[in-house]
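Visitor:
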Amino acid sequence: MGTSTQRRGQMGIRQKGFCQVSRERFPHQQKELNIAVKSFKSGKTLGSDGLPIEFYTSLWDLVGPDLLELYEEMEQEGVMPHTLREGTIALLYKHKGERCGLKNWRPISLLNVGYKILAKTMVNRLKGAMGEIVHSDQTCGVPGRRVADNLALIRDTIQYITDRNIHAALVCLDQEKDFDHVSHEFMERVLQGFGLGERFCNYVRIMYTDIFSSVMVNGWKTDPFPIKSGVRQGCPLSLFVLVIELLAEYIRKNPSIRGIPTSGDAKKEVKCTLYMDDVTLFCTDGKSVQSLLEACKDFGKASGAKIYVDKSQAKLFGHWDLCNEPLPFPIEAVLVKILGIWFWGPGAAAKSWNERLAKVKQKLGFWSLRHLSIEGKALVLRNDTLPVLQYVTQAWPLLAKVARAVKSMVFHFVWHSKMDRVKRTVMHKEHRKGGKVVPDIPTILRAFFVCGCFCITLTNENKDHSAYRVFRFFLLPVWRRLGWEKWENATMFNWDLPWYYQEIEKFVVEFGLNCVTPSQWNPGQSTD
């Protein structure tokens with residue numbers, strides 16, 4: 001009788017006041033889970049248990065405390081439940097190469113939301129330390145850093161090498177299935193080496209203990225198989241940034257690998273820039289390239305990652321004697337593509353823009369099949385078209401020819417005709433001014449490029465980084481002419497402004513923005 005009464009009492013606590021009891025026991029942890037759940041987007045593909053994020057968000061007051069209890073039990077027992085350890089691997093086509101080629105497909109693991117909530121919580125904890133433990137060369141997964149920093153550094157370093165006629169090689173490493181090859185034991189030792197704490201490392205160990213996956217093939221799942229190495233693609237907690245940081249740090253501190261000296265200071269070199277596993281390096285001689293290969297081999301032996309030589313590429317500057325300084329990578333004769341952007345040569349910017357224009361044309365053709373109002377079309381242009389073009393502005397300014405093509409495509413989409421029915425300047429205005437809020441995409445793209453240059457040079461807090469010196473070397477004369485920087489002869493700079501930076505002064509003068517300080521610039525503001 002006493003046992004029955006006790007059970008009824010426990011059930012009453014669970015039904016009436018369990019949420020409050022759990023919050024009192026673990027208030028900080030519960031708050032972290034609340035933040036993690038709110039960060040997920042709805043409408044995502046389900047995991048094997050069939051429970052979407054909408055289930056957790058709608059019933060979070062009931063499910064949240066139970067989930068927290070489950071995580072606490074996992075920590076005590078050292079293993080996750082069966083459903084959280086399971087993943088379903090699906091293949092996504094990369095939209096390049098033949099579809100019958102297996103290497104042209106990207107695997108992604110479909111994980112259960114219960115697992116992803118825990119992983120997202122750990123990511124949020126890790127974010128606070130990423131800026132301290134990861135060098136500024138790596139921009140992926142670190143708050144406040146952008147891929148624009150990588151693209152601008154590559155563009156300006158190539159320009160610096162060309163202007164100074166420096167004997168150098170640009171090497172783009174492609175790691176062969178790096179996410180699948182990294183040893184779990186090595187990853188755990190990396191986390192301990194970064195001093196991330198025993199409890200954090202223990203949770204990572206649990207999340208990669210006795211995990212398994214199945215492959216989805218034509219709607220059918222294969223039998224599960226164990227995962228002994230690698231990081232799951234699709235997991236919010238992607239620890240490969242920390243793993244690859246070891247290779248990058250070894251390259252930075254290796255005196256045998258000589259980078260590009262910046263602004264005449266041999267102590268400040270541009271050696272490498274990273275975005276997750278995309279590693280771009282600058283070397284000044286064949287010996288440096290050979291030392292780089294040895295470093296990659298040593299890293300591969302320790303971690304299990306391998307360099308995919310056939311997909312890696314190199315671009316040579318100056319006079320190279322390939323007989324005395326052989327390179328194992330394919331040599332690019334004209335342009336080189338890095339992080340989706342073409343570099344080097346007068347046609348690099350045009351080719352990058354033309355590829356994006358083709359994607360925009362395809363997108364607008366798809367949306368034209370639907371019967372949308374003008375307001376609906378303006379929403380499509382703002383949210384689906386603009387981001388596609390915006391990516392290129394992180395490296396290249398909008399070309400005049402491209403601007404005309406963009407305007408033509410935008411208003412052909414709006415009117416479904418080559419003839420405009422209302423003046424374009426009126427269409428760009430807000431509703432209260434008689435317009436339809438159709439975004440002025442060319443002007444917005446120009447503003448994005450200029451604001452990106454401001455962020456890199458004038459509002460960048462990491463002024464000791466070698467990349468900052470490269471940017472300032474080219475941009476300092478512009479800031480001085482605009483009155484935003486004082487003249488200091490001790491700082492080296494280049495009077496011959498590259499063509500892509502000439503857009504900055506032109507844009508500022510055209511719109512009369514000399515009086516606007518760089519910290520006040522915001523590309524998201526209206527351009528009316």
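Each residue of the sequence shown is one higher than the one before, starting from 1 at the first, in the UniProt record's numbering.
Don't be surprised by glycine CBs; every beta carbon is placed ideally from N, CA and C.
Short check: CB of Ser312 to CB of Cys172, under 8 angstroms?
Guide: Closer than 8 angstroms, so yes.
Visitor: Give a yes or no on whether the C-beta atoms belonging to Val437 and Val414 are separated by under 8 angstroms.
Guide: no
Visitor: Just to confirm, are Tyr500 and Pro346 a CB contact at a threshold of 8 angstroms?
Guide: no
Visitor: What number of angstroms, rounded off, separates the C-alpha of Phe471 from the C-alpha of Ser352?
Guide: 21 angstroms
Visitor: When DSSP labels each residue in this structure, what does residue 529 get in the three-state scheme?
Guide: Here the chain has residues from 1 to 528 only, and residue 529 is not among them.
Visitor: Are the region 242-254 and the region 89-105 in contact at 8 angstroms, needing three or more beta carbon pairs?
Guide: no
Visitor: Please check the pair Leu92 and Gly47, which I expect to be a contact at CB under 8 angstroms, by giving their CB distance rounded to whole angstroms.
Guide: No, Leu92 and Gly47 are not in contact; Cβ-Cβ is about 16 angstroms, not under 8 angstroms.
Visitor: Please work out which residues of its chain come closer than 6 angstroms, Cβ to Cβ, to Ala349, disregarding the five sequence neighbours upstream and downstream, and give them in chain order.
Guide: Result list for Ala349: Trp396, in chain order.
Visitor: How should Ser22 be labelled, buried or exposed, when 16 other C-beta atoms within 10 angstroms of its C-beta is the threshold for buried?
Guide: For Ser22, the predicted model reports a pLDDT of 38, less than 50, meaning its position is unreliable and no value from the coordinates is stated.
Visitor: Is the region 115-131 close to the region 230-244, with three or more CB pairs under 8 angstroms?
Guide: yes
Visitor: Which residue wins for smallest C-alpha separation from Ser213, given the options Tyr203, Phe200, Ser229?
Guide: Ser229
Visitor: Report all residues from its chain with a CB closer than 6 angstroms to the CB of Ala403; omit the five preceding and five following residues, and keep chain order.
Guide: Pro442
Visitor: Looking only at DSSP bridge pairs, what is Lys268 linked to?
Guide: Lys268 pairs with nothing; no bridge assigned.
Visitor: Taking the alpha helix (DSSP H) that Trp353 falls in, what are its first and last residues?
Guide: Counting along the chain, Trp353 sits inside the alpha helix (DSSP H) bounded by residues 348-367.
Visitor: Say whether chain B places a C-beta atom closer than 8 angstroms to the C-beta of Ala119.
Guide: Considering every chain present, this structure includes no chain B. It has just one protein chain.
Visitor: Tell me whether Gly87 sits in a helix, a strand or coil according to DSSP, three-state version.
Guide: strand
Visitor: Mind pulling the alpha helix (DSSP H) runs of 4 or more residues that sit fully within the region 401-453?
Guide: 424-427
Visitor: Counting C-beta neighbours from all protein chains within 10 Å, is the total for Val231 16 or more, i.e. buried, or is it exposed?
Guide: buried
Visitor: Cβ of Val336 within 8 angstroms of Cβ of Leu170?
Guide: yes
Visitor: When the distance is taken between beta carbons, is Arg252 closer than 8 angstroms to Ser288?
Guide: Contact: no.
Visitor: Going by CA-CA distance only, name the one from Lys506, Gly78, Glu69, Leu274 that's closest to Cys201.
Guide: Residue Gly78 is the option with its Cα nearest to Cys201.
Visitor: To which residues of the same chain is Val204 closer than 8 angstroms at the C-beta, ignoring the five residues directly before and after it?
Guide: Met122, Met187, Glu188, Leu191, Leu237, Leu239
Visitor: Would you list, in sequence order, the uninterrupted beta strand (DSSP E) runs of no fewer than 3 residues that lie entirely inside the region 116-204?
Guide: 168-173
Visitor: Three or more C-beta pairs closer than 8 angstroms, one from the region 383-393 and one from the region 422-434: is that the case here?
Guide: No contact exists between the region 383-393 and the region 422-434.
Visitor: Pick out whichever of Glu510, Ile338, Met276, Pro81 has its Cα sitting closest to the Cα of Ile211.
Guide: Pro81
Visitor: In chain order, what residues of the same chain lie with their CB nearer than 7 angstroms to the CB of Leu339, ignoring the 5 residues before and after it?
Guide: Within its own chain, the residues whose Cβ lies closer than 7 angstroms to the Cβ of Leu339, once the five positions on either side in sequence are excluded, are Val147, Asn150, Leu151, Tyr275, Asp278, listed in chain order.
Visitor: For the alpha helix (DSSP H) that contains Val388, what are its first and last residues?
Guide: 386-390
Visitor: Among all the DSSP beta bridges, which residues are the ones paired with Ser312?
Guide: DSSP lists no partner for Ser312.
Visitor: Within 10 angstroms of its Cβ, does Leu369 collect 16 or more other Cβ (buried), or is it exposed?
Guide: exposed
Visitor: How long is the line joining the alpha carbons of Gly114 and Pro387, rounded to whole angstroms?
Guide: 31 angstroms
Visitor: Taking all protein chains shown into account, do 16 or more other C-beta atoms lie within 10 angstroms of the C-beta of Asp137, making it buried, or fewer, making it exposed?
Guide: buried
Visitor: Considering only the beta carbon of each residue, do Tyr160 and His184 sit closer than 8 angstroms?
Guide: no
Visitor: Does the contact criterion of 3 or more C-beta pairs under 8 angstroms hold for the region 361-376 versus the region 299-308?
Guide: Not touching, per the Cβ criterion.
Visitor: In this structure, what does DSSP give as the bridge partners for Trp220?
Guide: Val217
Visitor: Could you check if Leu153 is buried or exposed, using at least 16 other CB atoms within 10 Å of its CB as the buried criterion?
Guide: buried
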